[in-house]
Structures are given as structure tokens and as C-alpha cells.
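If you read the protein sequences in the order shown, they are chains U and H. Under full-length UniProt numbering, the residue at position 28 of the first sequence is numbered 28, and the numbers go up by one with no gaps. Under full-length UniProt numbering, the residue at position 353 of the second sequence is numbered 353, and the numbers go up by one with no gaps. Even glycine gets a Cβ: it sits at the ideal position worked out from N, Cα and C. Note that the coordinates shown come from a computational prediction; the quantities given were computed from them, not determined experimentally. Taking it in order: structure first as C-alpha cells, then the write-up.
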Amino acid sequence: MAPQSSETLLPVIERYAGKPASLLVLLHELQDLAGYVPSELVPQIASKLNLSRAEVHGVLTYYHDFRDSPPPRVVVKLCRAEACQSMGTEALAAHIEEHTGCRFDGKRDGALGLESIYCLGQCAQSPALLINDRLYAKVTPAKFDAILARAQEEGASA
Amino acid sequence: MTRLYIPRDSSALALGADEIAAAVAAEAQRRGESVEIVRNGSRGLLWLEPLVEVETAQGRVGYGNVEPERVAELFDAGWLAGGEHASRIGVVDEHPYLKRQQRLTFARIGITDPLSTEDYLAHGGLAGLRRALALDGAAACELLIDSGLRGRGGAAFPAGIKWRTVLQAQAAQKYVVCNADEGDSGTFADRLSMESDPFGLIEGMTIAGVVTGATEGYIYVRSEYPHAIATLNEAIERARAAGWLGKDVLGSGRAFELTVAKGAGAYVCGEETALLESLEGKRGIVRAKPPIPALAGLFGQPTVINNVVTLASVPIIFAQGAAFYRDYGMGRSRGTLPIQLAGNIKQGGLIELAFGVTLRELLHDYGGGAASGRPIKAVQVGGPLGTYLPESQWDIPLDYEAYAAVGAVVGHGGLVVHDDTANLADLARYAMHFCVKESCGKCTPCRIGSVRGVEVIEKIQRGEQRAQQVKLLRELCDTMLSGSLCAMGGMTPYPVMSALEHFPEDFGLPGQHAAAA
Numbered sequence: 001m002a003p004q005s006s007e008t009l010l011p012v013i014e015r016y017a018g019k020p021a022s023l024l025v026l027l028h029e030l031q032d033l034a035g036y037v038p039s040e041l042v043p044q045i046a047s048k049l050n051l052s053r054a055e056v057h058g059v060l061t062y063y064h065d066f067r068d069s070p071p072p073r074v075v076v077k078l079c080r081a082e083a084c085q086s087m088g089t090e091a092l093a094a095h096i097e098e099h100t101g102c103r104f105d106g107k108r109d110g111a112l113g114l115e116s117i118y119c120l121g122q123c124a125q126s127p128a129l130l131i132n133d134r135l136y137a138k139v140t141p142a143k144f145d146a147i148l149a150r151a152q153e154e155g156a157s158a
Numbered sequence: 001m002t003r004l005y006i007p008r009d010s011s012a013l014a015l016g017a018d019e020i021a022a023a024v025a026a027e028a029q030r031r032g033e034s035v036e037i038v039r040n041g042s043r044g045l046l047w048l049e050p051l052v053e054v055e056t057a058q059g060r061v062g063y064g065n066v067e068p069e070r071v072a073e074l075f076d077a078g079w080l081a082g083g084e085h086a087s088r089i090g091v092v093d094e095h096p097y098l099k100r101q102q103r104l105t106f107a108r109i110g111i112t113d114p115l116s117t118e119d120y121l122a123h124g125g126l127a128g129l130r131r132a133l134a135l136d137g138a139a140a141c142e143l144l145i146d147s148g149l150r151g152r153g154g155a156a157f158p159a160g161i162k163w164r165t166v167l168q169a170q171a172a173q174k175y176v177v178c179n180a181d182e183g184d185s186g187t188f189a190d191r192l193s194m195e196s197d198p199f200g201l202i203e204g205m206t207i208a209g210v211v212t213g214a215t216e217g218y219i220y221v222r223s224e225y226p227h228a229i230a231t232l233n234e235a236i237e238r239a240r241a242a243g244w245l246g247k248d249v250l251g252s253g254r255a256f257e258l259t260v261a262k263g264a265g266a267y268v269c270g271e272e273t274a275l276l277e278s279l280e281g282k283r284g285i286v287r288a289k290p291p292i293p294a295l296a297g298l299f300g301q302p303t304v305i306n307n308v309v310t311l312a313s314v315p316i317i318f319a320q321g322a323a324f325y326r327d328y329g330m331g332r333s334r335g336t337l338p339i340q341l342a343g344n345i346k347q348g349g350l351i352e353l354a355f356g357v358t359l360r361e362l363l364h365d366y367g368g369g370a371a372s373g374r375p376i377k378a379v380q381v382g383g384p385l386g387t388y389l390p391e392s393q394w395d396i397p398l399d400y401e402a403y404a405a406v407g408a409v410v411g412h413g414g415l416v417v418h419d420d421t422a423n424l425a426d427l428a429r430y431a432m433h434f435c436v437k438e439s440c441g442k443c444t445p446c447r448i449g450s451v452r453g454v455e456v457i458e459k460i461q462r463g464e465q466r467a468q469q470v471k472l473l474r475e476l477c478d479t480m481l482s483g484s485l486c487a488m489g490g491m492t493p494y495p496v497m498s499a500l501e502h503f504p505e506d507f508g509l510p511g512q513h514a515a516a517a
């Protein structure tokens, strides 16, 4: 996903003019293109879709998926739900924080972000996580270190 | 030419199935062996994934937990002829985990190529839809009522009665909505259905459309399931090209269109009215009922809303008849339940069985005990809002009424197993914490009650005024249970109270039920 300036996203918004029910679809499309939904676009989105700015802002901030700032180059999303807990996801989380020096759901820098999520549907193969949207199951600390290193190499060369 | 099956669903992909497929193709070429690789779905024997099957004269022979680095070794062992190897599990159909199951809804998963329309037809596909097209709406609803099918998403409302309400409603436009926002930890049956047999869901939804007069359908899939979304989109395109969907379904003159909608990471959107709000492009906030969605659902129009497994169970009911399905099960729980065995368990996976099986059978005969090898302490049944069952309750048959009688829920049939290292007070606090994170915020008991719930449980754990705080926790749970608008706040007390009741020692309380642990 290549970062884009807000202006290049205007034609995308134009395609949904007058279709307020398409707000989630539009936000997903903007985020797929730009990596996030620039907050300066809220007024344009609202006016094109016949919505109030509060409604657009409300949707943008209600859902966990939408971001209003560029994501880190590598994003790790670890499942913290019950099935993964039963197979040691909390110990894995502690390892990940120690290994990376970052905190889960804390402030993000440009290189790495750690996020907690709740269920990837891999509950019989716990613990599971995503690294840049790629799914891994039965993750051990050693396996994590290897796949993170690979993701960071790919991130650096991209 | 030897045919190999390498799954393409996300449980196999998460463990390297794509790398294995590439390694198999490369190794076969290097050795001059002619192979055809079919990317099937998962059989649901998830502890064996990636499970590669080789078609032989005896049947499809399976090799479990295949790793890309060991592919050459498997060729050396003569696997193309079903040769011996440490990872060989024998003919997959004969595997005891699979052979003892009663697969109706999941009859095709792992066997077919999920995206092959020919494969679907060759395995009984569309027989249900053809039957439904030949019936009038009222008779079709009666058939579904007779089958005893109840919603498999959790609330267990009779599907046929819901459909009949939509059929009888007068409106210019009606909808079918599939709730594929499977956000409960320990549940993956919807995902397996969508990724491994998407045409089954498409057929079920089309039947719902032609029976009730709805011409548009939406599948609302959580964004955490990108593989399911991609598979469904591709399957819908192929179904449309084959004339199964569109303006003239199977040449009947009836129209049905299907669209996939992607969620955006909100657990509460699995609640049907919040899901409808989200599908309308709004914040996924719960609506007060009535009106019920069957009368005023999507965009205020009559709407059939069922989850994936419910809709995917419909084709076989129409194909085989109501009695065929009703003959499975017990009491008022008819047919089969797709049980998802997960968490700390040796042999986790999908088990489809008639209602009535017990947890003890599932945990031991199928699951083989805890993955850690330690004693099992508690099983949470029915997702994060379900109760924790101690060993004293493992002989209760899985049946909606039998579970309700002890204050438990069958829910979606997801089981999460915890061994004796689990602390139930921590899990109870987590249940409240999850409600804090995921409450839609519309009603006070859920929004505020969950925040207070975390605080109170922490005080109990720290031993601050313990007796008083336990009393407060009970009152708080009672308020959430009776005062919340939907199951999010209304059922969060279930895991909390069951943990407190059955595992008091984990809260630092005298263990009067210690024997139960």
C-alpha cells in the first residue's frame, strides 16, 4: 500500500456521492489505498455522502479497524482472547514486548506497532497472530522472532 | 498422474500450506512425477493441519502436520502411493475422529475444491434449492419448521418461524442477511463453512430468498476473516456465471442477488441489530427490539437474518426432507450441532454431531485431553459470554434446554478448554474487560457496569473488603443481566458468575466447591 496524498483520494469519494449507506465501504477503500483515513477528508466525505461530519467522525472512531494516521511499517496483531490465553498468549505477549521494546496498544512509532485483537478464528491452533495482515498459528516465542525478522526485512526493502 | 489435496483455508495457510504446495510442485517436477494439486478446504481435523491427502487406490491417504522442509522426505517414503511415514494417518475417511461424526451441514468440507461448481454438483449441491423452487413459500416454511432447525448463532430461535414472519410481511423489498461476524473466541465453524464450502452458504441464502420473496442478500463478514471474504467473493462470481444467482435463478424466473459486506472490527456487530446498523453504513449500535428484524430489519424492511451455519444447514434439509434432519438430536434440539473444540486441547477441531453428546465424551474421546497434558479444569461453552463448566457438569447432554437448566448456554457450540493452570478469577476479570472494550455504549448497565466489574474483581483479587465486594459483584451482574439491551451486557455475567460459583478459591474465597475443580 503506497501512501497517497489526500487529493488523490477525492475521486474515490466522488464515486460514493449520495450513498450514505456506503460509508464503511468507502472508508475501507480509502484505508486500503492510503493506509489510513486522513482526518482532513472528513468534511468532504460528509458533504458527498449527505451525512453530518459528526456521523462520519462517529463511524471512523467507533470501529477498531479504521486509523486516522499512517500505520507503522510493521504491525503485529496478537490475539488475546480466551482460546489463545489458554495456550499461553499472555506469556507470548510478554516475550514480544521484551523482544521488541514496544508496548501493546501503546504509542506507536513509524517502525513497529503492537496491537491486541480478539479472535482470528484459529482457536484450535492457538496462539495466533497477524504480522502485516499475514496469519500465523501455533506461534512460539522462537517462531515469532523469526517471522518478525522476516517481516522487518521485507518492510525495509519495500 | 497422482492427485494431491492441500488445503487452502486459513487454518492450513496459517501453518504454511502455500509453501507446502509450492514445495510439492517443485519436488514432483524435480523427480519427474506427474501430480495434480487440488486446493481443498479443511476437514476440520485442525490439530493435523496442514493435512495433505494423496489419492490412492485405497482412498485418500492423509499426512498430517506436513512441513515444507520435509516434502522431499515424504516423496522418498513413497507417499504418492500411500507409503509409510511417521506423519501418515491412514485413509482420512476412516479416521476415528471423522468416522464417528454425523456430518450433514459439513458433509462436503475438506472433500471438495471449495470453488469448483462441478465438484459442488457432484456432491449433492443444488438439490435443496431445486426442491425449494418447486414448493410454495408457505409449504417451504412449514418444511423448515418441521425440521426443527433453530438458529445456530446462539439465541436458538426456530428458523422456520422467522422465515414465515418474513414471508407473511408485506413489503416491496425484503432482504436475507447472513450474520458472518463470528467474533466469539473458540468458534470457527462459520469460517470453515465459508472457506471450505462457500456454495453451501450461497445455496442456503438463495433458498431463504426464494422462499420468503427476498431478492437481495448480504453476507456481513468480520474483517478478521479476509480469506473467507475472498473465497466468498470468488464463489459468488462463479455461482452467478453458472446461473445459480442473478435475475433468473436456475431458470426459475426468480431473482436473487448476493453481496459480501466487510465489517470493521467491532465485536458487538455480531448482535443482529447492531449488524444491520453497520450494514447501513452507521456505527454498529444495538437497536431496541421490537420491532424485530423479520418485520423491520435492513433499511427498515422485512429481513431474514441467520448466521452462517444456520443458512448452510438449510440445503440438506430441503434436499432430504424435514424428517431426515429432525431424526437427529434430542428433545427440542433437533439435527446436528457443529461443535468447535478449541483452546488447551490435544485434538482440536470441528466435530459435527447430533445434539445430546456430552462434554466428557468430546474432551476425552475426541479431544484426547489437554494439549499441555495436565488435568482439564474448566470449559467455557458458547463463546466469551458463555459459562465456565467445571467437571461436575461435563455429563450434561449438549442440548439447548439441558444447558439452560443449569444456567449455561450452548450458544454457537464453541468449547474453549482450560487446564489446571488457569485462574478463573483472571478469566472473569477478562470477561468484564472484554465488555469494556467492545460495548457499543448505548445502554448504561453494559457500558458502565463492565468498567465497575473490572474494578470490583480486582478488589476481590487484592483481598480488599472481599465479602462486601463479592456481594457487590453479584448485584452488579444482576443489574447487567436484567438491564442490558442485548446479550453483550446481558450475558457478560455468565462467565463471571460461573467462575465465582464453581471456582471460589481462585477469588481467594473458601473453596466449598473445591471438589468440582
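Interface partners of residue i on chain H, CB under 9 Å
| i | result |
| --- | --- |
| residue 195 of chain U | In the structure as shown, chain U begins at 1 and stops at 158. Residue 195 of chain U is therefore absent and cannot be evaluated. |
| U:Ala21 | Leu279, Glu280, Gly281, Lys282, Phe299 |
Contacts of residue i in chain U (Cβ-Cβ under 8 Å)
| i | result |
| --- | --- |
| H:Asp184 | Cys119 |
| residue 518 of chain H | Past the boundaries of the shown model lies residue 518 of chain H; chain H is included only from 1 to 517, so the question cannot be answered. |
| H:Arg103 | Residues of chain U passing the Cβ test: none, with the nearest at roughly 17 Å. |
| H:Glu224 | Ile117, Cys119, Leu120, Gly121 |
Beta-ladder partner(s) of residue i, from DSSP
| i | result |
| --- | --- |
| H:Gln380 | H:Tyr388, H:Val416 |
| H:Ala354 | H:Thr336 |
| H:Met330 | H:Ser333 |
| H:Thr56 | H:Gly59 |
| H:Pro158 | H:Arg150 |
| H:Val38 | H:Tyr5 |
| H:Arg88 | H:Tyr63 |
| H:Gly343 | H:Val417 |
| H:Thr303 | H:Tyr175 |
| H:Thr259 | H:Tyr218 |
| H:Gly349 | H:Leu341 |
| U:Leu135 | U:Leu130 |
| H:Ala12 | BP columns for H:Ala12 are empty, so no partner. |
| H:Ala180 | H:Val221 |
Beta-carbon spacing of residue i, residue j below 8 Å
| i | j | result |
| --- | --- | --- |
| U:Ile117 | H:Glu224 | yes |
| U:Ser52 | H:Gly281 | no |
| residue 518 of chain H | H:Asn40 | The displayed coordinates of chain H run from 1 to 517. Any statement about residue 518 of chain H would go beyond what the structure contains. |
| H:Gly151 | H:Asn306 | yes |
| H:Arg222 | H:Gly284 | no |
| H:Leu295 | H:Ala169 | yes |
| U:Cys123 | U:Ala151 | no |
| H:Tyr366 | H:Leu341 | yes |
| H:Val304 | H:Val249 | no |
| H:Tyr218 | H:Tyr175 | yes |
| U:Tyr63 | H:Gly265 | yes |
| H:Leu98 | H:Val54 | no |
| H:Gly183 | H:Gly270 | yes |
| H:Gly369 | H:Ile376 | yes |
| H:Leu362 | H:Ile339 | yes |
Partners in chain H for residue i, counting only beta-carbon separations shorter than 7 Å
| i | result |
| --- | --- |
| U:Gly58 | Arg283 |
| U:Tyr36 | Here the premise fails: no neighbours, minimum Cβ distance about 13 Å. |
| U:Ala128 | Ala14 |
Contacts that residue i makes with chain U (C-beta to C-beta distance below 9 Å)
| i | result |
| --- | --- |
| H:Ser10 | Leu120, Gly121, Gln122, Leu135, Ala137 |
Interface partners of residue i on chain H, CB under 8 Å
| i | result |
| --- | --- |
| U:Ala83 | Ser185, Gly186, Ala342, Gly343, Val416 |
Neighbouring residues, chain U, relative to residue i (Cβ below 7 Å)
| i | result |
| --- | --- |
| H:Trp47 | Ala124 |
Proximity test, residue i beta-carbon vs the ligand ADP heavy atom, cut-off 7 Å
| i | result |
| --- | --- |
| U:His95 | Among the ligands in the structure shown, none appear at all, so the ligand ADP cannot be discussed. |
**OP:** Assess, as a yes-or-no matter, whether the stretch 183-196 of chain H is touched by the stretch 34-51 of chain H under the definition of 3 or more beta carbon pairs within less than 8 Å.
**Re:** Verdict: yes, contact present.
**OP:** Evaluate contact between the stretch 224-239 of chain H and the stretch 267-287 of chain H, counting only Cβ atoms and requiring at least three cross-stretch pairs below 8 Å.
**Re:** They do not touch, by the three-pair rule.
Subject >> Inside the stretch 74-104 of chain U only - beta strand (DSSP E) runs reaching at least 3 residues >> reply: Runs of the beta strand (DSSP E) lying entirely within the stretch 74-104 of chain U, each at least 3 residues long, are 74-79 in chain order.
**OP:** Check whether the stretch 197-204 of chain H touches the stretch 314-322 of chain H, counting contact only when three or more Cβ pairs, one atom from each stretch, lie closer than 8 Å.
**Re:** Contact annotation: the stretch 197-204 of chain H touches the stretch 314-322 of chain H, with at least three C-beta pairs closer than 8 Å.
**OP:** Decide yes or no for the touch test of the stretch 288-303 of chain H against the stretch 65-78 of chain U: beta carbon pairs closer than 8 Å, at least 3 of them.
**Re:** Flag = no, the stretch 288-303 of chain H and the stretch 65-78 of chain U do not touch.
Original post:
Counting pairs of Cβ atoms below 8 Å between the stretch 152-167 of chain H and the stretch 86-104 of chain U, do you hit three or more?
Top reply: Cβ pair count under 8 Å is below three, so no.
Original post:
Quick check: the stretch 238-245 of chain H against the stretch 344-352 of chain H, are there 3 or more CB pairs under 8 Å?
Top reply: They do not touch, by the three-pair rule.
**OP:** Evaluate the contact criterion for the stretch 467-484 of chain H versus the stretch 365-383 of chain H: three or more CB pairs, one atom per stretch, below 8 Å.
**Re:** Contact fails: fewer than three Cβ-Cβ distances are below 8 Å.
Original post:
Any contact of the stretch 31-42 of chain U with the stretch 59-69 of chain U, i.e. 3+ C-beta pairs under 8 Å?
Top reply: With the cut-off at 8 Å, the stretch 31-42 of chain U and the stretch 59-69 of chain U touch.
**OP:** Could you tell me whether the stretch 318-332 of chain H touches the stretch 114-134 of chain H, using the rule of 3 or more Cβ pairs below 8 Å?
**Re:** Put simply, the stretch 318-332 of chain H touches the stretch 114-134 of chain H. At least three CB pairs are less than 8 Å apart.
**OP:** Specify whether the stretch 482-489 of chain H and the stretch 436-456 of chain H touch according to this definition: at least 3 beta carbon pairs, one from each stretch, less than 8 Å apart.
**Re:** Note that the stretch 482-489 of chain H touches the stretch 436-456 of chain H; at least 3 beta-carbon pairs, one per stretch, sit closer than 8 Å.
**OP:** Would you check if the stretch 420-428 of chain H and the stretch 489-506 of chain H touch, i.e. whether three or more CB-CB distances between them fall below 8 Å?
**Re:** With a cut-off of 8 Å on Cβ pairs, the stretch 489-506 of chain H is in contact with the stretch 420-428 of chain H, counting three or more such pairs.
Subject >> Entirely enclosed alpha helix (DSSP H) segments - the stretch 457-514 of chain H, minimum 4 residues >> reply: Positions of the alpha helix (DSSP H) runs, each at least 4 residues long and wholly inside the stretch 457-514 of chain H, are given as 466-483, 487-491, 493-502 in order along the chain.
Subject >> Meets three-Cβ-pair contact criterion under 8 Å: the stretch 8-15 of chain H and the stretch 135-151 of chain U >> reply: Flag = yes, the stretch 8-15 of chain H and the stretch 135-151 of chain U touch.
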